[in-house]
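Student: My structure is below; once you've seen it, I'll send some questions.
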Amino acid sequence: MVLSPSRTGTWPLAWSLAALLLAGASACDPLGSPVVVEALVPDSSARGGVALNDVTLERMLDLRTGRGQDFDVRGDFKVNVGDFSDLSGDFDVMVERIRGNGGADVDPHMSFDGTRYVADDYETLFYFSVTANFESAFAYARAAGDTSRASSSAENERAVVGLFASVVLSPLLPLPILSSDNAAYAAPVDGWLALRSAFQDGVPFAMHRGVIAHEFGHRLFFHNVFSSVDGGFELWQQDNTETELSPEQLRGQMLLKGIDEGLADVFAMAALADKDAINDAFSFAGDAFEPEAARRDVEGAFGTAATYDNLRDLSLDASHLQSCALTRPDFDQQFNFYCVGTVLAAAIWEAADRDPVVMATEMEPAVITALPGIGEVLVTGVPFDVDLFLEPFVQAAAPGVRRDKLCAQFAIRFESLVAAGKVPSCQ
Amino acid sequence: MPVALALSLVLALTGEVPADDPSTTSPEATPSTPSTPSTPSTPSTASTPSGAPADPVAFFVELPLALSAHGTTSRVETVLTTWLGVRGGMLSSSTGGLFTGFDVALLLGGESGGTGAVNVTRTPLLVEGRGLVGGRFRGGFVGLGGYGYGGLGLGGGVTSIAAFDDSRVRPFATAALRVGGGTEVSYGPAMLRIEMGTGLRDLRLELHGAASLGARF
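So, in structure tokens, the structure goes:
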């Protein structure tokens, strides 16, 4: 650890004593935005792409409790997997039921140094960083044109972030089954699970700028594809409670999950204007995460070589196929669907001329525009294949050079679909 | 307390009794003791329930290894602070094996969380003064006691936040109010104390426990 002399010792002990005394007196007053915190946020000039910087939180209702205008950060948040078997009711009813008591207000351990709130412990740094990065993701989504519930600030549509959330099998047996080194969007609670770190190194995934943007991308996908489309939520309920899937349904679900993952990576790259937004999370996390880093790198060996067709007919290099757990042709199996996601993300990245600004200003807005088109076709009973996204996406892209570049990429990466005329806008 | 332990082991092996150990010395053999024939149980020779006279005033030093736990931001996990330090104090015996006293400790703590690349480490230094009240029974070399305590600690420390090559170090002040109870086992001058308690540190509820090895003299 290298200490920064310019910052060391600049905080007089008197401030600390005063803060301690004032903490009790003012602990009941809401601490709303704008409020400046020191958080781990994107900084392209720093190692790991992150640095401890001052961030003004613009959407907090009370930093002391975790309440916000767009989302609430909640402590003691438990998700019972057993509850996921009952997805009945309309969306709000389902979410309220599965959220249960919704956890508890967070209890940050922080001090005010006269300019900013600083974390007194690791969990508070985690809380500040998660909050700052989610605020940033919300702001970008709105700027990119999202009008769905995903970036809504309506009080009854507020998302939750379960800080160090626990996923348990049953409330009677509250043993965590997925409890570390990850983050997730869970549609049944319309919120994110920010899990603790245990085995990884680097930036804990759940406070990582890229991972948070990626997880926000899943909420964007869910609400635009399913809850914004008539009959879409009912279709989602049916798909997620079906116990016996036909091979065609399984194939469609795996490919849809793959596109969901790829577009979440695209959202992260666009929101942070950084190709390595996601890849950095794995690159510094340790040896165990290197395969994931390789799979998610849009300019890496896998990202360069993989196409929809060489994954489908198993003609891709065997080591890549192995990392995707693909052994049967035509995606007729459970497999690592992130591989399909990387194919799509790499195609969009190349069509954006490898320019993060184009990703942010052209590609992601077109993605957001295109997403409802997926749901509109799915509700007619058509099984999912990637062309259900490619066609509305090309239509949403700016006519001219950008659309041509997209079509050129899709003709390479999704050759059989384009050749079969399933992306009419590229004919 | 290796010296005290070693001493107690030597005593156990040889059966020798230190000449200045009042618990095994009759009042008549210690003319400096202010006892009178009409008051055989003056404080200086107060008998324990086992019949052995107690120390009128005893001093002790010990090395506590302590853990304190308090809730976290997420209300899911617990922050554990490990403390190491030195404590010294004085105990005054009264009738019936009861004693009162006080002690003062200097405790250095440490707590940390995060990954190798991103972590927060907090290192407090606390000066803690406590009042003690309890009872102690002795039989020969062996003593067994229980006590309650309440105290106030004040101090400061540094918080270090690190993210890859970037770091911040800031001082902080800290205060603790603690109450609890403990048990003591002694053999000759060597003693082992186990404590558990609760309190407030920096206006937050905490639980704490300690094991201390020391010597009474």
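Residue numbers (my numbering), protein chains in the order written: chain B, 1 to 427; chain X, 1001 to 1217. Ideal placement from N, C-alpha and C gives every residue a C-beta, glycine not left out.
Hey, could you find the ends of the beta strand (DSSP E) SER1068 of chain X is sitting in?
Tutor: Here residue 1068 of chain X refers to the residue found at position 68 of the second sequence. Where SER1068 of chain X is concerned, the enclosing beta strand (DSSP E) stretches over 1057–1071.
Student: Around the Cβ of CYS28 of chain B, are there at least 16 other Cβ atoms within 10 angstroms (buried) or fewer (exposed)?
Tutor: Residue 28 of chain B sits at position 28 when you count from the first residue of the first sequence. The residue is exposed, with fewer than 16 neighbouring Cβ atoms inside 10 Å.
Student: Got a sec: is the Cβ-Cβ distance from PHE134 of chain B to anything in chain X below 8 angstroms?
Tutor: Counted from its first residue, the first sequence places residue 134 of chain B at position 134. It does not; no Cβ of chain X falls within 8 angstroms.
Student: Does any residue of chain B have a CB that is nearer than 8 angstroms to the CB of GLU1077 of chain X?
Tutor: Position 77 of the second sequence, counted from the start, is the residue given in the question as residue 1077 of chain X. At least one chain B Cβ lies under 8 angstroms of GLU1077 of chain X.
Student: Taking just the CA atoms, how far does ASP107 of chain B sit from GLY1109 of chain X?
Tutor: Within the second sequence, residue 1109 of chain X is the residue found at index 109, counting from 1. Within the first sequence, residue 107 of chain B is the residue found at index 107, counting from 1. For GLY1109 of chain X and ASP107 of chain B, the distance between alpha carbons rounds to 22 angstroms.
Student: I need the DSSP call for SER111 of chain B, collapsed to helix, strand or coil.
Tutor: Walking along the first sequence from the start, residue 111 of chain B turns up at place 111. Of the three classes helix, strand and coil, the one that applies to SER111 of chain B here is strand, per DSSP.
Student: Could you give the DSSP three-state label for ASN101 of chain B: helix, strand or coil?
Tutor: For the purposes of this step, residue 101 of chain B is taken as the residue at position 101 of the first sequence. If DSSP states are grouped into helix, strand and coil, ASN101 of chain B belongs with coil.
Student: Would the stretch 317–328 of chain B count as touching the stretch 353–365 of chain B if we require 3 or more Cβ pairs under 8 angstroms?
Tutor: Not touching, per the Cβ criterion.
Student: Quick check on the DSSP output: the beta strand (DSSP E) that includes VAL106 of chain B runs from which residue to which?
Tutor: In the first sequence, counting from the first residue as 1, residue 106 of chain B sits at position 106. Per DSSP, VAL106 of chain B belongs to no beta strand (DSSP E) and is neither H nor E.
Student: Per the contact definition of three or more C-beta pairs closer than 8 angstroms, is the stretch 248–262 of chain B in contact with the stretch 380–398 of chain B?
Tutor: Yes, since at least three Cβ pairs between the stretch 380–398 of chain B and the stretch 248–262 of chain B fall closer than 8 angstroms, the two stretches touch.
Student: Rounded to whole angstroms, what's the CA-CA distance from ALA1069 of chain X to GLY1150 of chain X? Just pull it up for me.
Tutor: The residue labelled residue 1069 of chain X in the question sits at position 69 within the second sequence. The residue labelled residue 1150 of chain X in the question sits at position 150 within the second sequence. If you take the alpha carbons of ALA1069 of chain X and GLY1150 of chain X, they lie about 18 angstroms apart.
Student: If you follow the beta strand (DSSP E) that SER1173 of chain X is part of, which residue opens it and which one closes it?
Tutor: Taking the second sequence and counting its residues from 1, one reaches residue 1173 of chain X at position 173. Looking at the sequence itself, residue 1173 of chain X is Ala, so the reference to Ser does not match. Per DSSP, ALA1173 of chain X belongs to the beta strand (DSSP E) from 1166–1187.
Student: Under the three-state reduction of DSSP, which class applies to ALA119 of chain B: helix, strand or coil?
Tutor: Numbered from its first residue, the first sequence carries residue 119 of chain B at position 119. If DSSP states are grouped into helix, strand and coil, ALA119 of chain B belongs with the strands.
Student: 8 angstroms is my cut-off, CB to CB: does VAL118 of chain B come that close to chain X?
Tutor: Mapped onto the first sequence, residue 118 of chain B falls at position 118. Yes, VAL118 of chain B counts as interfacial toward chain X.
Student: Cβ closer than 8 angstroms: which chain B residues qualify as neighbours of GLY1220 of chain X?
Tutor: What the structure shows of chain X is the stretch from 1001 to 1217, and residue 1220 of chain X is not part of that stretch, so it cannot be assessed.
Student: By Cβ distance below 6 angstroms, which residues in the same chain neighbour ARG1178 of chain X in space, the five residues on each side in sequence not counted?
Tutor: Here residue 1178 of chain X is taken as the residue at index 178 of the second sequence, counted from 1. Same-chain partners within the cutoff: GLY1151, GLY1197 and GLY1199.
Student: Can you name, in chain order, every residue of its own chain whose Cβ lies under 8 angstroms from the Cβ of ASP317 of chain B, other than the five neighbours on each side?
Tutor: For the purposes of this step, residue 317 of chain B is taken as the residue at position 317 of the first sequence. Excluding sequence neighbours, ASP317 of chain B sits near ALA305.
Student: Among the candidates B:GLY102, B:ALA419, B:MET94 and B:ALA139, whose CA atom is the shortest distance from the CA of VAL73 of chain B?
Tutor: As a first step, residue 73 of chain B must be located in the first sequence, where it is residue number 73. Out of B:GLY102, B:ALA419, B:MET94 and B:ALA139, B:GLY102 has the C-alpha closest to the C-alpha of VAL73 of chain B.
Student: Can you grab the Cα-Cα spacing for the pair ARG1138 of chain X / GLY1088 of chain X, in whole Å?
Tutor: Along the second sequence, one-based indexing puts residue 1138 of chain X at 138. Along the second sequence, one-based indexing puts residue 1088 of chain X at 88. Computed Cα separation, rounded: 21 angstroms.
Student: For THR1123 of chain X, collect the residues of the same chain with a Cβ closer than 6 angstroms to its Cβ; drop the 5 residues on either side in sequence, then sort them by chain order.
Tutor: Looking up residue 1123 of chain X in the second sequence gives position 123. Cβ neighbours of THR1123 of chain X beyond the five flanking positions: GLY1110, GLY1157 and VAL1158.
Student: With distances taken from CA atoms, which of B:PHE233, B:ASP181, B:ASP309 and B:ALA301 is nearest ASP190 of chain B?
Tutor: As a position in the first sequence, residue 190 of chain B is number 190, starting the count at 1. Residue B:PHE233 is the option with its Cα nearest to ASP190 of chain B.
Student: For THR307 of chain B and GLY373 of chain B, what's the separation of their Cα atoms in angstroms?
Tutor: Counting from one through the first sequence, the residue named residue 307 of chain B turns up at place 307. Counting from one through the first sequence, the residue named residue 373 of chain B turns up at place 373. About 23 angstroms.
Student: Please report how far the alpha carbon of ALA1163 of chain X lies from the alpha carbon of GLU248 of chain B, in whole angstroms.
Tutor: Here residue 1163 of chain X refers to the residue found at position 163 when the second sequence is read from its first residue. Here residue 248 of chain B refers to the residue found at position 248 when the first sequence is read from its first residue. If you take the alpha carbons of ALA1163 of chain X and GLU248 of chain B, they lie about 47 angstroms apart.
Student: Any Cβ of chain X within less than 8 angstroms of the Cβ of GLU364 of chain B?
Tutor: Residue mapping note: residue 364 of chain B aligns to position 364 of the first sequence, counting from 1. Output row for GLU364 of chain B: interface = no.
Student: Does the beta-carbon distance from PHE284 of chain B to VAL203 of chain B come in below 8 angstroms?
Tutor: Counting from 1 along the first sequence, the entry for residue 284 of chain B is found at position 284. Counting from 1 along the first sequence, the entry for residue 203 of chain B is found at position 203. Against a cut-off of 8 angstroms, the Cβ pair of VAL203 of chain B and PHE284 of chain B comes out as a contact.
Student: Where does ASP146 of chain B land, buried or exposed, given buried means 16+ other C-beta within 10 angstroms?
Tutor: In the first sequence, residue 146 of chain B corresponds to position 146, counting from 1. It is buried - the Cβ of ASP146 of chain B has at least 16 other Cβ atoms within 10 Å.
Student: In angstroms with no decimal places, state the Cα-to-Cα distance between THR1115 of chain X and VAL168 of chain B.
Tutor: Taking the first residue of the second sequence as position 1, residue 1115 of chain X is located at position 115. Taking the first residue of the first sequence as position 1, residue 168 of chain B is located at position 168. About 24 angstroms.
Student: Which of the residues in the stretch 1071–1096 of chain X, read from start to end, lie with their CB under 7 angstroms from any CB of chain B?
Tutor: If the cut-off is 7 angstroms between Cβ atoms, the stretch 1071–1096 of chain X has GLY1071, THR1072, THR1073, SER1074, ARG1075, VAL1076, GLU1077 and VAL1079 near chain B.
Student: I want to see whether chain X comes within less than 8 angstroms of THR124 of chain B, judged by CB atoms only; does it?
Tutor: Counting from 1 along the first sequence, the entry for residue 124 of chain B is found at position 124. Cβ-Cβ to chain X under 8 angstroms: yes for THR124 of chain B.
Student: Return the chain-ordered list of same chain residues with a C-beta closer than 7 angstroms to the C-beta of ALA347 of chain B, the five sequence neighbours on each side being excluded.
Tutor: The residue given as residue 347 of chain B occupies position 347 in the first sequence. Within the same chain, ALA347 of chain B has close Cβ partners GLN409, PHE410 and ARG413.
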